[in-house]
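Sequences listed follow chains A and B, in order.
The numbering of the first sequence is this note's numbering, which starts it at -8 and goes up by one.
The numbering of the second sequence is this note's numbering, which starts it at 1164 and goes up by one.
Note that CB positions come from ideal geometry on N, CA and C, so glycine has one too.
For reference, the structure discussed in these notes is given below.
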Amino acid sequence: MKNEIMVITGTRKGIGKYLAEYYLSKGLTVIGCSRGEGSIEDPNYRHFMLDVADEKAVISMIRDVKKEFKKIDVLLNNAGAASMNHILLTPYKTIKETTEANYFGTFLFLREVSKVMLKKKYGRIVNFASIATPLKWEGEAAYAASKAAVENLTQIAAKEVAEYGITVNALGSTPVWTDMINRVPKEKLEGILNQQSIKRIGEMKDVSHLCDFLIDEESNFITGQVIYLGGVS
Amino acid sequence: MKNQIEAIIIEALQDLNDDIESESLENPTKETKIFGEEGALDSLALVSLISDLEEAIHDDFGKEVTLADEKAMSQHRSPFGSVESLTEYIELLIKE
């Protein structure tokens, strides 16, 4: 099995925690991180406490992972922050923090993990985009624009690391039942779901299914793609 | 410190040369051109060298440095021009 060592960001709760437990159950070693203590107990799980936008901390984490496990096969750049506000009411601090968590964090992990992957001439990177970007959700400018940056990063990174056998794709999720979505008002959520081809809220297994496909060893001819759930295009 | 850094770079270049087999990297010296005009490495090999050096610097000096630089890929002013310029550049970063 080629995919053995996986790094997932933002594993304390939500989709990140689900994916960590899902891939642990499939026999992978998972290294996760979050700003707080880890919430997963498993002999094949390691947790790092850090802010994904803290460059020094990210470099140090990936160096430790490389020392211990010698390689990284898969990176799931899941960590992110949501923000819901009208542009005219959005403080600078909010847009800064949203961009740091969603874009800078994704960038730093992609950069550092690619350096490890290139040695083995193999890697699978999945960045987390959002349907908020193509659907241009009102009230989500900070969030959707930071995810738009992730999409473009994905497409360019795919070209730059292709020669090392690394693929970089993005998974654009619909709303899935998590803390992030619990805060969205019911009418707004209905309005969002109505813009999807398949008008239902996503399930965790919809996300892991697409992840399985993107990180499959056989998916070596698929890179630079942004794939949305729910029939959004 | 300079000698130690130079030794790290030379060792990294020799290791890398196992893959790329460039004549000019068989016995690297201070004057050896790394990247840019007459450089032995293409940009792919340079990325690999950068990653090796960052790790070696951490092991030897206990310091996290990022060698990526705005000028890294410039043909004229790149700190990766020669072993000598790279030594000076790394020394600056370690002292920061």
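Query                                                                                                             : Result
Extent of the continuous beta strand (DSSP E) run through Ile157(A)                                               : Ile157 to Ser164
Phe1198(B) burial status per 10 Å Cβ neighbour count (16 or more: buried)                                         : buried
Interface flag, Glu1254(B) vs chain A, CB-CB below 7 Å                                                            : no
Nearest candidate by alpha-carbon position, reference Asp170(A), set Cys202(A), Lys(-7)(A), Gly7(A) and Met108(A) : Gly7(A)
Under 8 Å by beta carbon: chain A residues contacting Thr1229(B)                                                  : Glu46 and Ile50
Alpha-carbon spacing of Ala140(A) relative to Thr89(A), whole angstroms                                           : 12 Å
Ala39(A) - partner residues in DSSP beta bridges                                                                  : For the sequence presented, residue 39(A) should be read as Phe rather than Ala. According to DSSP, Phe39(A) bridges with Cys24(A).
Cβ pair count under 8 Å reaching 3, the region 170 to 186 of chain A against the region 20 to 28 of chain A       : no
7 Å Cβ cutoff, Ser1214(B) in contact with chain A                                                                 : yes
Strand pairing of Gly114(A), partner residues [DSSP]                                                              : Ile157(A)
Cα-Cα separation between Glu1200(B) and Asp1178(B), rounded to whole angstroms                                    : 22 Å
First and last residue of the uninterrupted beta strand (DSSP E) at Asn173(A)                                     : No beta strand (DSSP E) contains Asn173(A), which is instead part of the alpha helix (DSSP H) from Asp170 to Asn173.
Short-range partners of chain A found in the region 1177 to 1190 of chain B, where Cβ spacing is below 9 Å        : none
Interface residues of chain B facing Glu154(A) [CB-CB closer than 7 Å]                                            : Leu1207
Opening and closing residue of the beta strand (DSSP E) in which Ile(-4)(A) lies                                  : Ile(-4) to Thr0
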